[in-house]
Amino acid sequence: MMAGSRTGKVGYGVLAVWLLLLAAAPLLGDNYTVRIAITIAMFTAMALSWNFIGGFTGYPSFSTAAFFGIGCYVGAIAQRSGVPMVLAWVLATVFVSLFAAALGCIILRLKGHYFAIGSIAIVELTRLVVSSWGSLTGGGDGLNVPLLRGTPGEVGSMVLYIMLGIVLAAFVTTILVERARLGFGLRCIHQNEEAADMVGVDTTRYKIAAYTLSALFCGAVGAVYASWVGYIDPTDSFSILLTIKVPVMVLLGGPGTALGPILGAGAFVLLEEFFWANFLQWNRAILGGIIVFLIFFLPGGLLKIDYRRLLRRQSQARGEGKAVL
Amino acid sequence: MFTRSWKFAVAGAAVLGAASALTAPAAQAEDGVLKIGAPLALTGGLADEGKKQQAVWSLWLDKINAQGGVEVGGKKLKVEFVEYDYQTDGKRAGQLAEKLVTDDEVDVIMAPFGSGHTKIIAAVAERYQVPMLACVASSVSVYDQGFKYLFGTLAPNTGMTESMVGYFKEKFPAVKKVAVYGRDDVFPKSMATALADSAASGGLEVVYNELYAVGTMDHSAAISAIKAANPDWVYMTGYTQDLILGRKQMADLGITAPVITMVTGPAYREFTEGLGDLADGVTSSTWWHHATAYTDTSGAWNSTAAFYKDFVAAYGSDPDYVHASCAAAADVLVDAVQRAGSTDKQAVRDALAATDMATFYGPIDFGDNGMNQGREMPIIQVQGDEIKVLYPAAIADADLKLID
Amino acid sequence: MDISQILANGIVLGALYACIAVGFSLVWGVLNVINMLHGSFIILGGYLTYFAWFYLGVHPVIALAPVALLLYLLGFLVQYVFINKVVTAPVLTTLTLTFGLDMILYNLMTVYFTATPRRVTLDIGSVDIAGVVMPGDRLIGMGLALLLTALLYLVMRGSSIGRAIVAVRMDRQAAALMGIRVNRIYAITFGIGALMAGAAGAVFAMVFPVTTNLTGSFLGKAFVICVIGGLGSVPGALVGGITLGIVESFAGYLLGPQHAITIGFLLMLILLVVRPTGLVGVKGYE
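See the structure below:
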């Protein structure tokens with residue numbers, strides 16, 4: 011699994027085309043298309059983020075929504091206090107990273123199911139805290155964020171480029187980590203944590219690094235999202251659905267690879283677009299069905315299917331059929 | 055290695071294909087049609103309310119189209135609703151609002167149930183300068199962003215609480231202590247806060263004033279504390295399931311306050327059905343009740359009774375304020391378009407701001423922040439099997455009954 | 002304010018909570034699968050009980066047994082067809098799978114049952130014992146919950162199936178070597194988990210309004226209780242449930258009802274870090 015995980019030249023090529031296509035959305039389509047492109051970019055960044063802790067290290071984290079939500083709120087509160095927008099975003103990113111690092115020290119000691127539950131509990135807990143701390147966060151009323159200046163088209167394009175910037179940053183970080191000792195160490199932890207420890211990998215430090223990386227980009231995305239949408243509230247910012255969708259996207263594409271999360275996020279969002287536009291009542295069930303299908307038939311994600319062997323097997327079967335006849 | 059990247063290429067191409075399919079040319083704007091966009095929560099937590107909106111607009115549309123449409127600037131325009139289900143998800147709400155404006159090119163947007171999602175869609179509408187009508191958002195905080203294109207048919211909460219305090223003091227002079235218990239959610243919280251303020255300025259003692267978290271399944275701790283404070287009046291806010299549970303637990307734990315108000319429980323059939331006998335005596339304020347008797351009104355129906363008759367004939371059950379407010383919003387919109395003489399968004403927006411209209415739902419007159427000006431909101435009470443209107447005196451058909 | 006009233010509230014609530022969690026705890030402890038469907042199973046049980054009461058006039062206490070049985074069959078099926086295939090897979094896989102299945106069940110319920118809150122109106126009134134008021138239906142609910150958990154405990158201890166389940170939980174390979182058909186035990190265990198969920202749903206229908214909006218809350222409570230009490234054991238679920246009930250009750254009184262739920266989660270997180278096996282539990286899977 012580990013050896014062939016490097017991104018080939020064709021992969022880079024296709025990635026570049028894909029990113030360019032997303033960036034060209036304002037030219038190719040209308041504002042609604044741009045919105046979809048933004049959503050794809052957002053989830054791609056979060057999927058790449060999750061990949062650090064879930065894909066490389068193998069720790070099933072469900073904290074994505076907590077990081078996203080905190081990013082939203084810190085960004086929003088900063089902006090309302092007069093901090094200039096871009097600085098607010100940076101502030102949010104830094105805050106979320108520190109939060110994740112601190113949190114990681116505590117919950118990364120857990121493993122398997124316990125870690126998973128702990129990470130979900132973080133989402134609920136942050137939501138409840140934000141909800142109760144009315145004086146700071148507006149509580150259940152939500153928070154207004156000063157609207158971005160500009161026509162919808164301008165605003166949309168700007169947000170799209172920023173999100174794509176975050177995606178690039180996340181992708182570059184992924185490649186760097188893959189090639190560095192950190193990546194190697196995380197993979198060792200994934201395979202056998204105790205053995206890694208014995209071999210001299212500083213498991214605690216590496217895990218915290220991975221967890222922090224998994225939070226950083228989500229925080230940035232959250233802050234930019236809050237500025238874009240103009241209004242946030244606890245329920246939508248700390249959405250359990252979001253926190254489940256992101257790992258599923260990575261599972262769909264191929265966890266532990268650099269391109270997998272990008273493929274998975276893009277495919278997932280487009281699939282969802284296609285489905286809920288048409289099947290009003292059953293969209294949840296269809297999403298559930300996709301997940302079930304994914305688990306059973308695509309255990310390694312789309313990237314791990316050996317299409318050549320599949321085709322070979324098919325033609326073989328046909329050949330055998332003829333022979334029998 | 056090559057194989058994997060190749061797969062990525064194929065997958066990427068497939069995805070590109072899908073993307074280009076989605077960027078198909080947008081619907082052409084049609085002359086001769088008034089297009090109303092409506093993102094609704096037809097699935098998810100707020101689906102019940104979303105379906106109510108859908109139901110009443112369908113009724114309204116039938117009535118309008120039976121007349122051949124509406125007359126605007128000398129031409130007859132057909133009216134069309136474009137609805138999408140945003141699944142009670144904030145992000146989707148914004149997305150669909152944008153789709154309605156850019157793809158479907160609607161002339162106006164109707165807000166869904168729920169203050170939070172209304173705000174998100176309002177931001178989109180404001181950016182595109184598309185007029186927007188909110189028929190189920192009454193918290194002042196929804197209208198506090200300074201938007202020029204947002205209008206709401208429900209009157210602000212504070213008016214309701216003041217008239218309620220005044221009414222109870224008059225009818226139940228012995229009332230001294232009130233306990234306030236609200237759900238920590240935009241609308242219920244604002245009602246609870248508003249009442250605590252109105253009660254305090256009305257000279258009552260607020261002996262308990264707390265909020266409960268969304269998702270609370272048990273209110274016994276709070277209710278025990280309320281019981282210990284021995285209030286004459288208990289005021290609870292929340293959504294139907296919270297209020298049903300709360301009232302039940304109040305009875306279980308032995309609360310004996312003569313006045314119990316649950317906002318806005320009695321306004322909904324589900325509340326009285328879910329509680330049975332326990333609903334008896336519960337009061338509430340509401341923006342409208344079908345017993346209110348407005349006559350000589352403009353719009354699709356010329357009196358409350360006419361609306362009520364049509365609704366019952368079509369759906370076999372009573373309409374509540376959600377239905378009425380939303381139908382009235384549609385009436386207001388048509389009225390504005392007619393006064394504007396066209397579907398030009400800016401003109402319609404200005405016409406909306408200048409609205410002063412009597413509908414079967416009551417008078418509509420938008421204030422500076424876009425909200426319908428407060429007027430005397432009805433106070434209702436469950437008495438036996440029926441809902442009685444206690445206030446204002448002009449339309450009251452019963453007196454306050456104390457719970458023993 | 003009367004401490005004993007708050008305590009009583011907490012205990013009655015806690016017994017109900019224990020009923021929610023015991024099935025969940027069993028599945029997690031024995032199969033090492035977190036069953037995200039659990040909340041939906043409970044609500045399904047609640048809906049079936051409501052419909053039996055509303056359309057057939059059957060009292061919930063009587064409906065409990067058939068509803069529980071139906072849920073058992075459903076659970077058995079789900080496990081056999083879907084979950085069996087991934088029982089040894091990593092956490093992420095099983096969790097996501099059960100979550101996906103839950104979405105399907107949830108969607109089916111919201112479409113066919115709608116989210117309107119339904120309440121079985123029993124109007125039993127209250128009981129006043131030494132100044133402490135306890136609502137009648139909650140008392141009955143508590144009684145049933147305790148009865149069911151006791152029954153389950155006896156079955157686990159006494160019957161051969163029960164002992165087989167415990168054996169599988171302690172050591173899967175050894176159990177297989179002893180001739181136990183592990184896959185069948187898994188299916189039965191999951192079925193029992195669903196059965197208890199259905200029974201809990203029936204009990205709850207008497208006390209709370211039933212609506213699909215609550216599936217998440219029930220699941221969340223089950224998590225918290227399992228961590229507090231300990232996995233895979235009936236006494237653990239009982240201890241966890243009652244502890245949570247009392248904690249929420251006191252937290253609600255002392256800090257305001259807003260924070261009652263937060264305290265529960267905080268307690269769970271603290272225990273996860275400090276003592277993941279829970280107050281009572283035997284070491285669960287890592």
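Keeping their order, the protein sequence lines are chains A, B and C.
Basically the numbering used here = 1-based index in the first sequence + 10.
Basically the numbering used here = 1-based index in the second sequence + 54.
Basically the numbering used here = 1-based index in the third sequence + 1.
Just so you know, even glycine gets a beta-carbon here, dropped at the ideal spot from N, CA and C.
- [ ] Could you tell me whether the Cβ of L120(A) comes closer than 9 Å to any Cβ of chain C?
- [x] On the first sequence, residue 120(A) is found 110 positions in, with the first residue counted as 1. Output row for L120(A): interface = yes.
Task: Members of the region 262–281 of chain B that neighbour chain C once the beta carbon cut-off is set at 8 Å - done: If the cut-off is 8 Å between Cβ atoms, the region 262–281 of chain B has E264, L265, Y266, A267, G269, T270, M271, D272, H273, S274, A275, A276, S278 and A279 near chain C.
- [ ] Using the Cα positions of L249(B) and T215(B), report the straight-line distance between them to the nearest angstrom.
- [x] Counting from one through the second sequence, the residue named residue 249(B) turns up at place 195. Counting from one through the second sequence, the residue named residue 215(B) turns up at place 161. CA-to-CA, the gap between L249(B) and T215(B) works out to about 5 Å.
Open item on the list: For G217(C) and G40(C), what's the separation of their Cα atoms in angstroms?
Closed with: Walking along the third sequence from the start, residue 217(C) turns up at place 216. Walking along the third sequence from the start, residue 40(C) turns up at place 39. CA-CA distance, G217(C) to G40(C), rounds to 6 Å.
- [ ] Starting from F365(B), follow the beta strand (DSSP E) in both directions and report where the run begins and ends.
- [x] What you label residue 365(B) is simply residue 311 of the second sequence in a count that begins at 1. Element bounds for F365(B): not the beta strand (DSSP E) but the alpha helix (DSSP H), T358 to Y369.
Task: Length of the line joining the Cα atoms of A81(B) and E159(B) - done: The count along the second sequence starts at 1 and reaches residue 81(B) at position 27. The count along the second sequence starts at 1 and reaches residue 159(B) at position 105. Here the model assigns A81(B) a pLDDT of 43, short of 50, so the residue's position is not dependable and the matter cannot be decided.
Open item on the list: Assess contact between the region 397–417 of chain B and the region 371–388 of chain B, defined as three or more Cβ pairs (one per stretch) separated by less than 8 Å. Is contact present?
Closed with: Here the region 397–417 of chain B lies against the region 371–388 of chain B, with 3 or more beta-carbon pairs under 8 Å apart.
Task: A238(C) vs F25(C) beta-carbon contact at 9 Å - done: Residue numbering aside, residue 238(C) sits at position 237 when the third sequence is read from its first letter. Residue numbering aside, residue 25(C) sits at position 24 when the third sequence is read from its first letter. A contact, by the Cβ cut-off of 9 Å.
Task: Spatial neighbours of V156(C) in its chain, beta-carbon cut-off 6 Å, leaving aside the 5 residues before and after - done: Indexing the third sequence from 1 puts residue 156(C) at position 155. Hits under 6 Å: G163.
Task: Top-ranked residue by Cα proximity to M56(A), from A225(A), G310(A) and L153(A) - done: Taking the first sequence and counting its residues from 1, one reaches residue 56(A) at position 46. Among A225(A), G310(A) and L153(A), the Cα nearest to that of M56(A) is on A225(A).
- [ ] Output, in sequence order along the chain, the residues in the region 217–251 of chain B whose CB is closer than 7 Å to any CB in chain A.
- [x] If the cut-off is 7 Å between Cβ atoms, the region 217–251 of chain B has D238, D239, V240 and K243 near chain A.
- [ ] Determine the DSSP secondary structure at L313(A), reduced to helix, strand or coil.
- [x] As a working note, residue 313(A) is residue 303 in the first sequence. Helix at L313(A).
Task: Sequence-distant residues of its chain with Cβ nearer than 6 Å to V196(B) (five each side left out) - done: Counting from 1 along the second sequence, the entry for residue 196(B) is found at position 142. Sequence-distant Cβ neighbours of V196(B) in its own chain, meaning closer than 6 Å and more than five residues away, are S169, T172 and K173.
Open item on the list: Quick check on the burial criterion: 16 or more other C-beta atoms within 10 angstroms. Buried or exposed for I271(C)?
Closed with: The residue labelled residue 271(C) in the question sits at position 270 within the third sequence. Label assigned to I271(C): exposed.
Open item on the list: 9 Å is my cut-off, CB to CB: does Q89(A) come that close to chain C?
Closed with: Along the first sequence, read from residue 1 onward, the residue named residue 89(A) stands at position 79. No, Q89(A) does not count as interfacial toward chain C.
Task: CB contact below 9 Å: D198(B) versus chain A - done: Here the question's residue 198(B) lines up with position 144 in the second sequence. D198(B) has a beta carbon lying within less than 9 Å of a beta carbon in chain A.
Task: Buried versus exposed call for P91(C) [16 or more other C-beta atoms within 10 Å across all chains shown] - done: Translated into the one-based positions of the third sequence, residue 91(C) becomes position 90. Exposed, because fewer than 16 other Cβ atoms sit within 10 Å of the Cβ of P91(C).
Open item on the list: For W238(A), report the span of its beta strand (DSSP E) as first-last.
Closed with: To locate residue 238(A), count along the first sequence from 1; it is residue 228. W238(A) -> not in any beta strand (DSSP E); alpha helix (DSSP H) instead, spanning T213 to V239.
Open item on the list: Considering Cα atoms alone, identify which of S244(B), Q392(B), A333(B) and A305(B) is closest to D138(C).
Closed with: On the third sequence, residue 138(C) is found 137 positions in, with the first residue counted as 1. Considering only alpha carbons, the answer is A305(B).
- [ ] Excluding the 5 residues preceding and the 5 following L281(A) in the sequence, name in chain order all residues of the same chain whose CB lies nearer than 6 Å to its CB.
- [x] Residue mapping note: residue 281(A) aligns to position 271 of the first sequence, counting from 1. Residues of the same chain with their beta carbon placed closer than 6 Å to that of L281(A) are lacking, with the five preceding and five following residues left out of the count.
TODO: Can you have a look at L140(C) and say buried or exposed, based on whether 16 or more other CB atoms are within 10 angstroms of its CB?
DONE: Stepping through the third sequence from its first residue, residue 140(C) is reached at position 139. Around the beta carbon of L140(C), a 10 Å sphere encloses 16 or more other beta carbons of the protein chains shown; the residue is thus reported as buried.
Open item on the list: Assuming contact is defined by CB atoms lying nearer than 9 Å, are T150(C) and V235(C) in contact in what I supplied?
Closed with: By 1-based counting over the third sequence, the position of residue 150(C) is 149. By 1-based counting over the third sequence, the position of residue 235(C) is 234. A contact, by the Cβ cut-off of 9 Å.
TODO: Compute the minimum distance between the beta carbon of I166(C) and the heavy atoms of the ligand COA, and state whether it is under 8 Å.
DONE: The model depicted lacks the ligand COA and carries no ligand whatsoever.
Open item on the list: Under 9 Å, Cβ to Cβ, is there at least one residue of chain B near I181(C)?
Closed with: Position 180 of the third sequence, counted from the first residue, corresponds to residue 181(C). For I181(C), the answer is no, since every Cβ of chain B falls outside 9 Å of its Cβ.
Task: DSSP-derived helix/strand/coil call for W287(B) - done: Against the second sequence, residue 287(B) aligns to sequence position 233. In the three-state reduction of the DSSP assignment, W287(B) falls in the strand class, which pools E and B.
Task: Limits of the beta strand (DSSP E) - the one that K231(B) falls within - done: The residue labelled residue 231(B) in the question sits at position 177 within the second sequence. For K231(B), the enclosing beta strand (DSSP E) covers residues K231 to R237.
Open item on the list: So, for Y362(B): in the same chain, excluding its five sequence neighbours on each side, which residues have a beta-carbon less than 6 Å away from its beta-carbon?
Closed with: Locating residue 362(B) in the second sequence gives position 308, counting from the first residue. Leaving aside the five residues that flank Y362(B) on each side, the residues in its chain whose CB is nearer than 6 Å to its CB run, in chain order, H344.
TODO: Check the Cβ-Cβ distances between N61(A) and every residue of chain B, and say whether any is below 9 Å.
DONE: Residue mapping note: residue 61(A) aligns to position 51 of the first sequence, counting from 1. It does not: the Cβ of N61(A) has no partner Cβ on chain B nearer than 9 Å.
Open item on the list: Quick check: what's the CA-CA separation for F284(A) versus V436(B)?
Closed with: Start at 1 with the first residue of the first sequence, and residue 284(A) comes out as number 274. Start at 1 with the first residue of the second sequence, and residue 436(B) comes out as number 382. The straight-line gap from Cα to Cα measures roughly 47 Å.
- [ ] Go through the region 258–343 of chain B residue by residue and report every complete run of the beta strand (DSSP E) that reaches 3 residues or more, in order.
- [x] Within the region 258–343 of chain B, the complete beta strand (DSSP E) segments at least 3 residues long are 259–266, 287–291, 313–317 and 336–339, listed from N- to C-terminus.
Task: Minimum C-alpha distance to A236(A) - residue among G79(A), A126(A), R119(A) and S73(A) - done: Taking the first sequence and counting its residues from 1, the one referred to as residue 236(A) is at position 226. That would be G79(A), whose Cα lies nearest to the Cα of A236(A).
Open item on the list: Suppose only complete runs of 4+ residues qualify. What are the alpha helix (DSSP H) ranges in the region 84–138 of chain B, listed by chain order?
Closed with: The region 84–138 of chain B contains these whole alpha helix (DSSP H) runs: 101–120.
Task: the region 44–63 of chain C contacting the region 221–236 of chain C, beta-carbon criterion three pairs below 8 Å - done: No, they do not touch.
Open item on the list: Between the alpha carbons of V169(C) and N263(B), how many angstroms are there, rounded?
Closed with: The sequence position of residue 169(C) within the third sequence is 168, counting from 1. The sequence position of residue 263(B) within the second sequence is 209, counting from 1. Distance from the CA atom of V169(C) to the CA atom of N263(B), rounded to whole angstroms, is 52 Å.
- [ ] Can you have a look at M171(C) and say buried or exposed, based on whether 16 or more other CB atoms are within 10 angstroms of its CB?
- [x] In the third sequence, residue 171(C) corresponds to position 170, counting from 1. Burial call: exposed.
TODO: Taking the CB atoms as reference points, tell me whether L259(C) and Y182(B) lie closer together than 9 Å.
DONE: Reading the third sequence from its first residue, position 258 is the one you call residue 259(C). Reading the second sequence from its first residue, position 128 is the one you call residue 182(B). This sequence places Gln at residue 259(C); Leu is not what is there. Contact flag unset, no.
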